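Protein chains in written order, with the working numbering: chain A, 1 to 379; chain B, 1001 to 1194.
Comments concern the structure below.
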């Protein structure tokens, strides 16, 4: 049987794991796909290549398809979110100098950290983020919006240069995806203060995206890609597979990283300060459990609202999320489906059972650090 | 078309920078600045205010550049991208998409002139279209304001439409102002009074 060649763009970060595993463990081949993973040097380049048709699909930062649908930044193109590739998995860290100013702030306490940062003599904080349309940047804005005294200057820094940017004093702090937080700690230039989930417990981080017109013309290929990625994410989330996953990712040509850089994100054992024992962070990076792959329309709506979109923009953001394809393509391989495609974002403080096609499914907590909730379904 | 065009080259490799600058100078562009490190990018973009920025497609600083442009006036800048292979379909697709991103074969310096000229011409057309669109939108707005001002005069002073317009025009001429300014003042005043 001849295989369908599919070009899929990615940026080499630990959370591109579902794509690498789909290829390396043969989940793509089982679906009759020759998955060609095409490494991209920047998010702008990846976006352009997807929009110009040089890529069929791509791993994207979750705000990217939303921003493109609304028409913010860069190329105008209609890009759909097919499914979520990963939830959470980012870290916030500060330079050793700033850490010394802050004194003892418990790891992962977003409110205490905000107070400590506001109380510093120098009220200005230059924070490195990977891309303007990233969950990192949105969480940073959302978190600091309740601290009017704190002046945040957001600076876009390519993640592989984040540690150097801190070392050179170009930024005072950063919000970055793994392994680049661990790299900065490893080089003893920074200290990690919290993870993304301390601000939003269930933040969609990367998504699988494709051009709307490509999806319309290649429904079958899109379905096969989604199934392969779904199976890969299920494999990745099984705890017993973690050591092997680290090995496969380290050996793969796609990441070019040593195992000790990949392990923290997958195991959740994060070293927050140079030469100290790791702290275990539960649900640090999630691929599959608790309907992690389900592209909630309400997540896209939250992103759009944080980007400053009006009602019409939020509608567009929700329309680019293909819950229809998710339901249609993944029900046959055992994916449990939530009853609704929207939820009240921020409402869950504990694991909660909700109605699903198979009776009920357990959703993970999705609360925000300040307890706010966002209901986009009322309109 | 080459005069007074400020070009910024973002490229860490000094030899490549030299080759690019030489090629640009040969092509008649002399106002060129090169930058190796991103730490000075923000300041350089603001101070040098380049009309066009050349950056390798593979350069990860592209995201930083884009953010800086987002924060300044994106629509007034062009970005040219170098790739190592000539890819005419991609170049064409980028041009057709009307983005301020153009692809140049970085290794063939003799092509820089022709590709940059195409890029700049295209960029000028885009800018022209944008300003025409803005002008058209403004004209429509002005028209609405003048209609409202005429309506006020017709109702308040019992004038015909033509007389109302003539009154606006005469007032504008006698005060050495534009009709739209007089109309706007009238509409604003009416909103306050009525």
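Backbone N, C-alpha and C fix where the C-beta goes; we use that ideal spot for every residue, glycine too.
As the structure is a prediction and not an experimental result, all values here were calculated from the model.
Q) Is residue 212 (chain A) helix, strand or coil by DSSP? A) helix
Q.
Report the start-end ranges of each beta strand (DSSP E) in the segment 1144-1192 of chain B that is 3 residues or longer and not cut off at the edges.
A. none
**Q.** Residue(s) in a DSSP beta bridge with residue 92 (chain A)
**A.** A:175, A:194
Q: Using 10 angstroms around the beta-carbon of residue 1174 (chain B), count the other beta-carbons present and answer buried if the total reaches 16, otherwise exposed.
A: exposed
Q | Cβ shell of residue 281 (chain A) (< 6 angstroms), same chain only, five flanking positions each side left out | A | 195, 268, 270
Q) What do you get for residue 1141 (chain B), buried or exposed, if any count of 16 or more other CB atoms within 10 angstroms of its CB means buried? A) exposed
Q: Report, in whole angstroms, the separation of the C-beta atoms of residue 10 (chain A) and residue 37 (chain A), which I expect to be a contact under 8 angstroms.
A: 6 angstroms
Q) Taking C-beta to C-beta, are residue 165 (chain A) and residue 128 (chain A) nearer than 9 angstroms? A) yes
**Q.** Straight-line Cα distance separating residue 17 (chain A) from residue 272 (chain A)
**A.** 23 angstroms
(Q) Using a Cβ-Cβ distance cut-off of 9 angstroms, determine whether residue 379 (chain A) contacts chain B. (A) Residue placement at residue 379 (chain A) cannot be trusted, given a pLDDT of 48 that sits under 50; what the coordinates show is reported in the next sentence. Not an interface residue.
Q.
Suppose you measure from the CA of residue 1015 (chain B) to the CA of residue 193 (chain A); what does that come to, to the nearest Å?
A. 42 angstroms
Q: Less than 8 angstroms between the CB atoms is what I'm expecting for residue 64 (chain A) and residue 133 (chain A), so what's the real figure, rounded?
A: 5 angstroms
(Q) When you compare the segment 101-114 of chain A with the segment 140-159 of chain A, are there three or more beta-carbon pairs, one atom per stretch, that lie closer than 8 angstroms? (A) yes
Q. Name the DSSP bridge partner or partners of residue 4 (chain A)?
A. A:33
Q. Just reading off the alpha helix (DSSP H) that residue 126 (chain A) is part of, what are its end residues?
A. Note, residue 126 (chain A): premise wrong, no alpha helix (DSSP H); beta strand (DSSP E) at 124-129.
Q. Any C-beta of chain B sitting closer than 9 angstroms to the C-beta of residue 95 (chain A)?
A. no
Q) Is the beta carbon of residue 289 (chain A) sitting closer than 9 angstroms to the one on residue 366 (chain A)? A) no
Q | Residues near residue 179 (chain A) by beta carbon distance below 8 angstroms, same chain, minus five either side | A | 13, 14, 257, 261, 262, 264, 265
Q.
Would you say residue 1107 (chain B) lies against chain A (beta-carbon separation less than 9 angstroms)?
A. In this prediction, residue 1107 (chain B) has a pLDDT of 46, which is less than 50 and means its spatial position is unreliable; what the coordinates show is noted afterwards. Output row for residue 1107 (chain B): interface = no.
Q: Answer with yes or no whether the minimum CB distance from residue 254 (chain A) to chain B is below 9 angstroms.
A: no
Q. Three or more C-beta pairs closer than 8 angstroms, one from the segment 203-221 of chain A and one from the segment 52-63 of chain A: is that the case here?
A. yes
Q) Cα-Cα, which of A:125, A:157, A:171 is closest to residue 151 (chain A)? A) A:125
Q: Pull up the distance between the alpha-carbon of residue 78 (chain A) and that of residue 1170 (chain B), whole angstroms please.
A: 51 angstroms
Q) What do you reckon, are the CB atoms on residue 202 (chain A) and residue 87 (chain A) nearer than 9 angstroms? A) yes
Q: List the DSSP bridge partners of residue 1051 (chain B).
A: Residue 1051 (chain B) is not bridged to any residue.
Q) Straight-line CA distance for residue 1029 (chain B) to residue 1177 (chain B)? A) 43 angstroms
(Q) Suppose you measure from the CA of residue 49 (chain A) to the CA of residue 22 (chain A); what does that come to, to the nearest Å? (A) 22 angstroms
Q.
9 angstroms is my cut-off, CB to CB: does residue 165 (chain A) come that close to chain B?
A. yes
Q. In chain A, which residues lie with their C-beta within 7 angstroms of the C-beta of residue 1036 (chain B)?
A. Per Cβ cutoff of 7 angstroms: no residues; residue 1036 (chain B) is ~13 angstroms from chain A at best.
Q) Listing by chain order, which chain A residues have their CB less than 7 angstroms from the CB of residue 1012 (chain B)? A) Neighbours of residue 1012 (chain B) on chain A: none; closest Cβ ~11 angstroms, over 7 angstroms.
Q: Could you work out which residue in A:4, A:287, A:235, A:340 is closest to residue 25 (chain A) when comparing CA atoms only?
A: A:235
Q: Grab me the residues of residue 339 (chain A)'s own chain with a C-beta within less than 8 angstroms of its C-beta, minus the 5 sequence neighbours each way, in chain order.
A: 354, 355, 356, 357
Q: Take residue 1033 (chain B) and list the residues in its own chain whose beta-carbon comes closer than 8 angstroms to its own, dropping the five residues that flank it on each side.
A: 1006, 1007, 1008, 1009, 1044, 1048, 1050
Q | Cβ-Cβ separation, residue 341 (chain A) to residue 323 (chain A) (assumed contact under 8 angstroms), whole Å | A | 4 angstroms
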